[in-house]
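Inspection log for the structure reproduced underneath, given as structure tokens.
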Amino acid sequence: MTEPTRLLDAMDRASIPADAVLSREAAHALCEKMVKTSRADSINVTVNSGLATNIRFAANQMSTAGSVVDVQVAVQSSYGLKHAVVTTNDLADDALVRTVREAERLAKLAPDDPEAMPELDPQQYMKVNAWFDQTANASAAERAKVARTALDPARKMGDVDAAGFLVVNAGMTAIANQKELFAYHRATSANYQLTVRTRDGTGSGWAAADHPDWAQIDFAAVASRAIDKGGRASSRRRSNPAAIP
Amino acid sequence: MTNRREFLRQAGLSGTALALASALPRDAFARAAVQQQDIERFEGSAPKELMMEALNAASAAGASYADARIARFRQNFVVTREHQIINVVDTDTIGCGVRALVDGCWGFAATRTLTAEAVGGAAREAVAIAKANRVARDRPVELAASPAYPNATWKSACKTDPFDVPLEQKVDLLLKANDEAMKVDKVKYVNSILFFVKQERNYANTDGSVIAQTIIRSWPLFTATAVSADFTDFQNRQATEVAPMGRGWEYVLDQDLAGHARKWAEEAAEKLTAKPVEVGRYDLVIHPSALWLPIHESIGHPTELDRALGYEANYAGTSFVAPPEEKLGTLRYGPAFMNIQGDRSQEGAISTIGYDDDGVQPDDFLIIKNGIFNDYQTTREQASWLKWWYEKQGKPVRSHGCSYADSWSSVAFQRMPNVSLLPGNEDKSYEDLIAATDRGIAIVGDGSFSIDQQRYNGQFAGQVYYEIKGGKIAGMLKDVAYQFRTPDFWNSMDMIGGKSSYKIGGSFFDGKGQPGQVNGVSHGCVPARFRAVNVINTGRKS
């Protein structure tokens, strides 16, 4: 497993913002700003940002394909056992202040939560390597190539229909509170799944794979497995319940 | 190897056709705030200018067609139980989604940043994705023609915007209803919820349409739970006859939750001592508050053209109403008096809208005409797939206007219009149908259900059930569920209500698509009688 080296490779993707996945430093500065703004007994900040891309195919045809960049900042403010959460996707300074104030206003209105827990002290978290550059920087052309692992053989066979979906995520999560806890984690994931049905309606096969590292998924093998399962399901005979002891 | 169940869980794809609980955030008092500067960017002529920026960028990058949506989506949930508030949630999000067509391939990109640079970037990304997909293309996308609407507007049938109503009023309304229900002996738990949706949708396409629409939806929910004295049984009564509607706060007030709560609670308590149903075949008189759900599941879903052609084979399922060339004009779905209309025009219904997310003004069309399957639900892309059928019928090849995206960050695809059972010629009522039935069961309200992915074998329950003897209600039953094969069920329908008995039911939560999207649905219908339907007892232990 390789150590991750960089966030999104904006060189090839001029239309994707380079800060679609916030860096540790940017996330820390954002969290610190919000914690300092707090007037409540306690504050907990969670930041998620990322890029989600996908491609879909069905009936042996291309369907939809997309790319979404978004960010979410969630603030939980607490007064004793009362707490409330407000989220925003606007990172402007004044917007962040208003978000904290709104959480504080709602927390004062909230009923006591008998299960409320105090904020954690700073923690030592195990280092997890879940970020892979190859996944984060998978291009639209590479995603289309994955779709072809199913579309090409299915079209060639002529008697099966493939429907599938590939989703690729690159994102980060950061948490922070007024006790100086801060943690940052970034992760990638690729998730491929498909259904292949025989046109005579007697067989259907499903296969899937997911991994943080795009390179670890044998997409062609996944497609072959679904095609194979569909064919083998088709060749099965109808069972006779009376013969089952 | 990851098994299917675990894989779907990890992928966050384990949605059901109608799911309510998953929509509720876990945090008490949660809110998503859209900030002032985004709202300012969203108001006035700014959306139009940004959409034009996106369309120009897409065209310059090589798109033969593009559309842009800049929208603000808000939700408000107020949740109570017994005497307390459980949850107050506001969600609020603004952004821009751009769809581009290049050489017959789609690309889509979305950004939350409403600047000319950002929406132009999203447009170029959408074009880049479409271009990349050309290597995998077989049949190019062809859009059916649609007129341009250069300055169109539309609004839901709403008198009072629920987002202008103070939280205190909403909580007070729910807690008063809870108080009334809690007065009933054996009723130990009460849940009540108000859901509100507001969508401010701006749309423009390279055909020349520029459309602004505001959608308001409201849904009060109420459930009373009665517990037997020895704690061996409990029964729920959900007030599912209070439908979600495309209306405002005035609709919530009209439902008079506090005025009805006691009756619903008493029915929950009565279910504890109701007679368990004896299994067998019965004539069923199904109230519109129950019948909308079988219509949704066994007619609405299988007549989605993308399902029928396998476009949902990897997620929501396929359809027994396929292939189109073997079913259109030949499949007898039900009796000759059965007419099922698809539309987006019924005032107050959830799917009602002026223009869909292809920029099409939807039409009213008959999915089932005189009992025979007549048409599918379509978008501009899908309408051309049925060219042969429309030409045979002497009809123009046009979309029925069923394109919808559940967010600015979601790509538009085919979603369900209002799918409704039209009234019969004779103005019969629910009570008339009961009076005409010698031995049967009357079913009110929708309950749990199950149906296979082709929508062929189903099982449905209700909220309350009544035994019919000699044309009269002879007492309450419990543990009733009925099973059917879809064509058998609808062909067993022998009597339906008239115009004055027509009501609308529905849900906010209908799932479909990858990435998964949720839309609201409405189904109008009249009461109907079905002959000799198989009824099981769901409470039987062995």
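Heads up: the protein sequence lines correspond to chains A and B, in order.
The opening position of the first sequence corresponds to residue 80 in the numbering used here, with each subsequent residue numbered one higher.
The opening position of the second sequence corresponds to residue -16 in the numbering used here, with each subsequent residue numbered one higher.
Glycine included, every Cβ here is placed at the ideal spot set by N, Cα and C.
If you reduce the DSSP assignment to three classes, tell me which class Cys110/A lands in.
By one-based count along the first sequence, residue 110/A stands at place 31. Residue state, collapsed to three classes: helix.
By the three-class DSSP mapping on this structure, what secondary structure does Leu1/B have?
For the purposes of this step, residue 1/B is taken as residue 18 along the second sequence, with counting starting at 1. At Leu1/B, the pLDDT of 36 sits below 50, so the modelled position is not reliable and the matter cannot be decided from this model.
Answer with buried or exposed for Glu280/B, where buried requires no fewer than 16 other C-beta atoms within 10 angstroms of its C-beta.
Counted from its first residue, the second sequence places residue 280/B at position 297. Answer is buried; the Cβ neighbour count reaches 16.
Under 8 Å by Cβ, that's how I've got Ile122/A and Val164/A pegged, so tell me the actual separation to the nearest angstrom.
Stepping through the first sequence from its first residue, residue 122/A is reached at position 43. Stepping through the first sequence from its first residue, residue 164/A is reached at position 85. Val164/A and Ile122/A do not touch by the CB rule: their CB atoms are close to 11 Å apart, not below 8 Å.
Less than 8 Å between the CB atoms is what I'm expecting for Asn134/B and Thr63/B, so what's the real figure, rounded?
Numbered from 1 along the second sequence, position 151 holds the residue referred to as residue 134/B. Numbered from 1 along the second sequence, position 80 holds the residue referred to as residue 63/B. With a Cβ gap of about 43 Å, Asn134/B and Thr63/B do not count as contacting.
Can you give the Cα-Cα distance for Val518/B and Ser201/B, rounded to whole angstroms?
Within the second sequence, numbered from 1, the residue matching residue 518/B stands at position 535. Within the second sequence, numbered from 1, the residue matching residue 201/B stands at position 218. Approximately 34 Å, taken between the alpha carbons.
Between the alpha carbons of Phe492/B and Asn219/B, how many angstroms are there, rounded?
Walking along the second sequence from the start, residue 492/B turns up at place 509. Walking along the second sequence from the start, residue 219/B turns up at place 236. The straight-line gap from Cα to Cα measures roughly 21 Å.
Helix, strand or coil for Gln203/A per DSSP?
Counted from its first residue, the first sequence places residue 203/A at position 124. Correct three-state label for Gln203/A: coil.
Compare the C-beta of Gly293/B against all C-beta atoms of chain C and say whether one is closer than 9 Å.
No chain C appears in the structure shown, which is made up of the protein chains A and B.
Report the neighbours of Ser142/A on chain B: residues whose CB is nearer than 7 Å to its CB, in chain order.
Walking along the first sequence from the start, residue 142/A turns up at place 63. Those are Tyr294, listed as they occur along chain B.
Note down, in chain order, each residue of its chain lying with its Cβ closer than 8 Å to the Cβ of Gly310/A, except the 5 sequence neighbours on either side.
The sequence position of residue 310/A within the first sequence is 231, counting from 1. Correct list, in chain order: Val239, Thr277, Gly282, Gly284.
Reference Leu273/A; option with closest CA among Thr252/A, Ala233/A, Phe261/A
Residue mapping note: residue 273/A aligns to position 194 of the first sequence, counting from 1. Measuring C-alpha to C-alpha distances from Leu273/A to each of Thr252/A, Ala233/A, Phe261/A identifies Ala233/A as the nearest.
Tell me, please, whether the CB atom of Ser117/A is closer than 9 Å to any CB atom in chain B?
As a position in the first sequence, residue 117/A is number 38, starting the count at 1. Judged by the 9 Å Cβ criterion, Ser117/A is not in contact with chain B.
Report the residues of the stretch 237 to 251 of chain A with a CB closer than 7 Å to any CB of chain B, ordered along the chain.
Answer set for the stretch 237 to 251 of chain A: Asp240, Ala242, Gly243, Phe244, Val246.
Determine, for Pro190/A, whether the minimum Cβ-Cβ distance to residues of chain B falls below 9 Å.
Working through the first sequence from its first residue, we reach residue 190/A at position 111. Yes, its Cβ sits closer than 9 Å to a Cβ of chain B.
Between Arg523/B and the rest of its own chain, which residues show a CB-CB distance below 7 Å, the 5 nearest in sequence each way excluded?
What you label residue 523/B is simply residue 540 of the second sequence in a count that begins at 1. Excluding residues within five positions, none has a Cβ falling inside 7 Å.
Round the Cβ separation of Arg52/B and Ala388/B to the nearest angstrom and send it over; I've been treating them as touching at under 8 Å.
Numbered from its first residue, the second sequence carries residue 52/B at position 69. Numbered from its first residue, the second sequence carries residue 388/B at position 405. With 8 Å as the limit, Arg52/B and Ala388/B qualify as a contact, their Cβ atoms being about 7 Å apart.
Collapsed DSSP secondary structure at Ala6/B in the structure displayed
Taking the second sequence and counting its residues from 1, the one referred to as residue 6/B is at position 23. Because the pLDDT at Ala6/B is just 33, under 50, the model does not fix this residue reliably, and the point stays unresolved.
Touching or not, the stretch 497 to 512 of chain B and the stretch 241 to 258 of chain B, by the rule of three or more beta carbon pairs under 8 Å?
No: fewer than three Cβ pairs fall under 8 Å.
Test: Phe348/B CB closer than 9 Å to a CB of chain A
The sequence position of residue 348/B within the second sequence is 365, counting from 1. By this cut-off, Phe348/B is not an interface position.
Straight-line Cα distance separating Arg422/B from Tyr140/A:
For the purposes of this step, residue 140/A is taken as the residue at position 61 of the first sequence. For the purposes of this step, residue 422/B is taken as the residue at position 439 of the second sequence. Position check: residue 140/A holds Gln in this sequence, whereas Tyr was assumed. Their Cα atoms are separated by approximately 52 Å.
Cutoff 7 Å; reference Ser314/A; Cβ partners in own chain excluding five residues on either side
Here the question's residue 314/A lines up with position 235 in the first sequence. When the five nearest sequence neighbours on each side are left out, no beta carbon in the same chain lies closer than 7 Å to the beta carbon of Ser314/A.
Would you please verify whether the beta carbon of Leu101/A is less than 9 Å from any beta carbon of chain B?
Numbered from its first residue, the first sequence carries residue 101/A at position 22. So, not an interface residue.
Sequence-distant residues of the same chain with beta carbon closer than 6 Å to Gly(-2)/B, five excluded per side
As a first step, residue -2/B is located in the second sequence; it is residue number 15 there, counting from the start. Because the pLDDT at Gly(-2)/B is just 30, under 50, the model does not fix this residue reliably, and the value given afterwards should be weighed accordingly. The beta carbon of Gly(-2)/B is closer than 6 Å to those of Gly494, Gly499 in its chain, skipping five residues each way along the sequence.
In chain order, what residues of the same chain lie with their CB nearer than 6 Å to the CB of Arg184/B, ignoring the 5 residues before and after it?
If you number the second sequence from 1, residue 184/B lands on position 201. If we look at Arg184/B and ignore the five residues flanking it on each side, its Cβ neighbours are Ala54, Gln196.
Chain B contacts from the stretch 145 to 169 of chain A (Cβ-Cβ distance under 9 Å)
Taking 9 Å as the Cβ-Cβ cut-off against chain B, the residues of the stretch 145 to 169 of chain A that qualify are Gly145, Ser146, Val147, Val148, Asp149, Val150, Gln151, Ala153, Gln155, Lys161, His162, Ala163, Val164, Val165, Thr166, Thr167, Asn168, Asp169.
Using the beta-carbon of each residue, which ones in chain A are nearer than 7 Å to Val85/B?
Along the second sequence, read from residue 1 onward, the residue named residue 85/B stands at position 102. Contacts between Val85/B and chain A, judged by CB atoms closer than 7 Å, are missing: the closest CB pair is about 11 Å apart.
Alpha carbon to alpha carbon, what distance is there between Lys206/A and Gly293/B?
Within the second sequence, residue 293/B is the residue found at index 310, counting from 1. Within the first sequence, residue 206/A is the residue found at index 127, counting from 1. Roughly 44 Å between the two C-alpha positions.
Counting only Cβ-Cβ distances shorter than 9 Å, please list the residues of the stretch 124 to 155 of chain B near chain A, keeping chain order.
Per Cβ criterion, the list reads Val124, Leu150.
By Cβ distance below 6 Å, which residues in the same chain neighbour Ala286/A in space, the five residues on each side in sequence not counted?
In the first sequence, counting from the first residue as 1, residue 286/A sits at position 207. Result list for Ala286/A: Val301, Arg304, Ala305, in chain order.
Return the first residue and the last residue of the alpha helix (DSSP H) that Ile306/A is part of.
Stepping through the first sequence from its first residue, residue 306/A is reached at position 227. The continuous alpha helix (DSSP H) containing Ile306/A extends over residues 298 to 314.
Unbroken beta strand (DSSP E) run spanning Gln344/B, endpoints:
Numbered from its first residue, the second sequence carries residue 344/B at position 361. Unbroken run through Gln344/B: none, as it is neither H nor E.
Going by beta-carbon coordinates alone, are Ala515/B and Tyr265/B separated by less than 9 Å?
Your numbering for residue 515/B matches position 532 in the second sequence. Your numbering for residue 265/B matches position 282 in the second sequence. The answer is yes: Cβ separation under 9 Å.
Determine whether the Cβ of Ala89/A lies closer than 9 Å to any Cβ atom of chain B.
Within the first sequence, numbered from 1, the residue matching residue 89/A stands at position 10. Because the pLDDT at Ala89/A is just 46, under 50, the model does not fix this residue reliably, and the point stays unresolved.
Is the distance from the Cβ of Gly231/B to the Cβ of Lys142/B below 9 Å?
On the second sequence, position 248 is the one that residue 231/B refers to. On the second sequence, position 159 is the one that residue 142/B refers to. Here Gly231/B is near Lys142/B, since their CB atoms are less than 9 Å apart.
Could you check which residue in Gln58/B, Ile68/B, Thr94/B, Cys88/B has the C-alpha nearest to that of Asp169/A?
If you number the first sequence from 1, residue 169/A lands on position 90. Among Gln58/B, Ile68/B, Thr94/B, Cys88/B, the Cα nearest to that of Asp169/A is on Thr94/B.
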